[in-house]
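Quick note on the UniProt record's numbering: the sequence shown kicks off at 1 and runs consecutively.
Positions of the beta carbon are idealized from the N, C-alpha and C atoms, including for glycine.
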Amino acid sequence: MSAINPSPATMSWTLQHRLQEYARAMKLAEIIYQDPNGQVCVVHGVIREVLSRAGRDFVVLGKGQVVSADHIIMIDGERLTKG
Numbered sequence: 001m002s003a004i005n006p007s008p009a010t011m012s013w014t015l016q017h018r019l020q021e022y023a024r025a026m027k028l029a030e031i032i033y034q035d036p037n038g039q040v041c042v043v044h045g046v047i048r049e050v051l052s053r054a055g056r057d058f059v060v061l062g063k064g065q066v067v068s069a070d071h072i073i074m075i076d077g078e079r080l081t082k083g
C-alpha cells in the first residue's frame, strides 16, 4: 500500500500526526478505547509513543500500556472512529 492509500491496519497521516503531537507535548488526555475483549475503557494519561509493528499502529500510554490505534474511539472528547 502507498502512503496515499494506507492499509486498513494503518492510521491516516492526519490521525498519526495528531497522536504524535500528544506524545511530543506529553499532554494529559482522556483516551477512550475498546480492549481486545470488546470492553470500552477510559484512561486519563499521556501518550508516550506512537509506533508501527507488523503493519499495525499502536499507542503506548504513560504506564506502558499498548493500545491498538484502530481501537481508540475518542481522545479528549473528539471522536476518532467512524460510527
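- Here DSSP, grouped into helix, strand and coil, assigns residue 61 to strand.
- Each residue's CA atom was taken as its position, placing residue 64 and residue 21 some 18 angstroms apart.
- Contact between residue 62 and residue 38 is absent: CB atoms are separated by about 24 angstroms, not below the 8 angstroms threshold.
- In summary, residue 76 is exposed, with fewer than 16 beta-carbon neighbours lying within 10 Å of its beta-carbon over all protein chains present.
- Within its own chain, the residues whose Cβ lies closer than 7 angstroms to the Cβ of residue 67, once the five positions on either side in sequence are excluded, are 33, 58, 59 and 61, listed in chain order.
- The residue among 54, 50 and 55 with its C-alpha nearest the C-alpha of residue 15 is 50.
- In this structure, residue 43 sits near residue 31, with a CB-CB distance shorter than 8 angstroms.
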